[in-house]
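Taking our numbering, the leading residue of the sequence shown gets 25, the next gets one more, and so forth.
Single-structure report; data block below.
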Amino acid sequence: MSTSPKRIKFILFLIVFTDMMGFSLLFPLFPKTLEFFLFKGDDVLFRMFYSAANLLSFGGDTKYTFVLFGGILGSIYSFLQFIAAPIWGRLSDHSGRRAILIFTTLGNTIGYILWLFSSQFWMFVLSRVITGMMGGNLSVASAAMADQTDEKSRAAGMGFLGAGIGLGFVMGPLLGGISSQWTFLDFLHQEGSVVVFPASAFFAILVSLLTVILVYIFLPQNKPEVIPEKEIHPFLSLGKIESRNLVRISLLNLLFVLSFSGFEFVVNFFLSDSFHFSPKEIGFTFLYIGIIIILVQGGVVRRLSGKISEKRISLYGALLVVIGMGLLVSLGTSFAGLFVSLFFLAFGSALVNPGLSSFASLESGRGDLGRSLGLFRSFGSLGRAVSPVVFSLLYFQKGPSLAFFVSFVLLIGFGILLFTQKEKTT
25 MSTSPKRIKF
35 ILFLIVFTDM
45 MGFSLLFPLF
55 PKTLEFFLFK
65 GDDVLFRMFY
75 SAANLLSFGG
85 DTKYTFVLFG
95 GILGSIYSFL
105 QFIAAPIWGR
115 LSDHSGRRAI
125 LIFTTLGNTI
135 GYILWLFSSQ
145 FWMFVLSRVI
155 TGMMGGNLSV
165 ASAAMADQTD
175 EKSRAAGMGF
185 LGAGIGLGFV
195 MGPLLGGISS
205 QWTFLDFLHQ
215 EGSVVVFPAS
225 AFFAILVSLL
235 TVILVYIFLP
245 QNKPEVIPEK
255 EIHPFLSLGK
265 IESRNLVRIS
275 LLNLLFVLSF
285 SGFEFVVNFF
295 LSDSFHFSPK
305 EIGFTFLYIG
315 IIIILVQGGV
325 VRRLSGKISE
335 KRISLYGALL
345 VVIGMGLLVS
355 LGTSFAGLFV
365 SLFFLAFGSA
375 LVNPGLSSFA
385 SLESGRGDLG
395 RSLGLFRSFG
405 SLGRAVSPVV
415 FSLLYFQKGP
425 SLAFFVSFVL
435 LIGFGILLFT
445 QKEKTT
């Protein structure tokens, strides 16, 4: 079997596509799923979460309780990704990308099986804990892509990988919304043995199994040479990292993810609450966002790669997301204003993400890509761990307008700091 770099890149594209599709299936279902558990309210762990939400509410509007509830749950998931992603990345430097990808995708499958049978809230939380712990796939896949590229083609490779992520991001919510209307497993839900929307969870299991098969059959083993390191988690050795640029770029990633993922998290609830979108309609909204991301990362980024710097690609993206968030704050209550702002936000983020990833990878040695990109992704996961609680609390207190305005201000700060960031040291 041929293991040419071109073939491996396409396999990595398929891996992140199926992995992201399985992960994002839940997005349009999240509001209604949490409402289901709020309605049941018969679980000890549920009552603990609900008490935490009440402690954080400070008199906020109770109609947003499920938003804050989801924020707490989302933060737990992302905090586990923050812990796990660099560990998987570092282990992949030692053991090879293929072995770690097989392990993490199998773990995701187990998490989705638990999701299917989550008739109780504690089982749903456990499923999110497992999938959060297995959340190192993107850092390992990014390192594998970096293995196949040189410095000039790095941004194009990351853009191609980003297109796979974007396509999965499109198909996941779309199929999640569509599969929520499938009824062939509803009899199990009526018996109380499975979660609400069981067909969607079942579909996520199938998609995750497909990812395992793709990795096992098609991805060749690769064991790069590495520099020995005692600390497996890069946060334990931040002071020893030679490239201070890498640390600063990772901090920029934290700020961008904190501000942008806060918007990403609450927009599901915003569409459900303000526009009364069904899971299927939320899915089609994500389709719109994802198509833009695919076209930009699969076309625009690949054409810009090698012609302008990774920093400049990211700066163009930062400008667009600031414009988009500003439009959302001022015009987002109208249907037209919503979709115009989403266009700029999707276009901009599609430039920032591969631009920053490539920027970070250029600050690492060939044998240290897993650790370096694990550090970079870990800072992003830390942002995702903080943002759900912070932005759902803002949403809880004042509705979506305050949450989106804070995101707008943070994105302006990100753009300014990115502008002052030095490019690769020599």
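Built from N, CA and C at the ideal position, the CB exists for glycine as well.
Computed from a predicted model, the values in this text were never measured in an experiment.
Whole-angstrom C-beta distance between residue j and residue i, which should lie under 8 Å
| i | j | result |
| --- | --- | --- |
| P244 | S163 | Between S163 and P244 the Cβ distance is about 19 Å, and since that is not below 8 Å, they are no contact. |
| I316 | F367 | 6 Å |
| A427 | Y419 | 5 Å |
| L467 | S166 | Absent from the model: residue 467. The displayed extent of the chain is 25 to 450, so no value can be given. |
| Y136 | A225 | 6 Å |
| A360 | I313 | About 16 Å separates the two Cβ atoms, so there is no contact after all. |
| P55 | F299 | The pair is not a contact, with the Cβ atoms about 12 Å apart (cut-off 8 Å). |
Cβ neighbours of residue i in the same chain (closer than 7 Å, five flanking residues each side left out)
| i | result |
| --- | --- |
| N377 | G186 |
| Q321 | G183, G186, A187, G190, A374 and P378 |
| T450 | Reliability fails at T450, whose pLDDT of 47 lies under 50, so the model's placement of it is uncertain and the value that follows must be treated cautiously. There are no such residues. |
| W206 | A223 |
| I318 | A187, G190, L191 and V194 |
| I35 | L238, F242 and L243 |
| K64 | none |
| E447 | S333 and K335 |
| L130 | V236 |
Test item: CB-CB of residue i and residue j under 8 Å
| i | j | result |
| --- | --- | --- |
| G95 | P412 | yes |
| R272 | Q445 | yes |
| L279 | F383 | no |
| I100 | V153 | yes |
| L311 | V231 | no |
| V219 | L140 | yes |
| G350 | F432 | yes |
| F145 | F61 | yes |
| G98 | F289 | yes |
| V346 | I436 | yes |
| S425 | V353 | yes |
| G196 | L49 | yes |
| L434 | L282 | yes |
| L348 | G372 | According to the sequence as given, residue 348 is Gly; it is not Leu. Yes, the pair counts as a contact, with Cβ atoms nearer than the cut-off. |
Per DSSP, cross-strand counterpart(s) of residue i
| i | result |
| --- | --- |
| S203 | Partner(s): none; S203 has no beta bridge. |
| S329 | I332 |
Proximal residues to residue i (C-beta, below 6 Å), its chain only, five neighbours per side dropped
| i | result |
| --- | --- |
| D43 | N161 and T235 |
| M25 | Low per-residue confidence applies at M25: pLDDT is 47, beneath 50, and the placement is therefore not dependable enough to give any value. |
| S405 | S102, Q105, F106 and A109 |
| L380 | N277 and S338 |
| L328 | I337 |
| P29 | Q172 |
| G181 | M169 and T173 |
| L125 | V164 and V239 |
| F221 | L53 and S204 |
| T155 | N132 and G135 |
| K176 | G330 |
| F301 | L295 |
| Y340 | L375 |
| E334 | A179, G379, S382 and F383 |
| G286 | S411, F415 and S431 |
| I32 | Q172 |
| L355 | G361 |
| R326 | A180 and G183 |
Within-8 Å CB hit, residue i to chain D
| i | result |
| --- | --- |
| G361 | Within the model displayed, chain D is absent; a lone protein chain is all it includes. |
Other residues of its chain near residue i: CB distance less than 8 Å, five sequence neighbours each side excluded
| i | result |
| --- | --- |
| L275 | F403 |
| L441 | L276 and L279 |
| A233 | A small fix is needed here, since residue 233 is Leu in this sequence, not Ala. So the qualifying residues of the chain are T133. |
| V40 | N161, L162, A165, L185, G188, I189 and G192 |
| K451 | Residue numbering for the chain in the displayed model covers 25 to 450; residue 451 lies beyond these limits and cannot be assessed. |
Whole runs of the beta strand (DSSP E) within the region 369-415, excluding any shorter than 3 residues: none
Contained alpha helix (DSSP H) runs [length at least 4] in the region 31-69, N- to C-terminal order: 54-64
Segments of 4+ residues assigned as alpha helix (DSSP H) that fall wholly inside the region 133-164: 145-157
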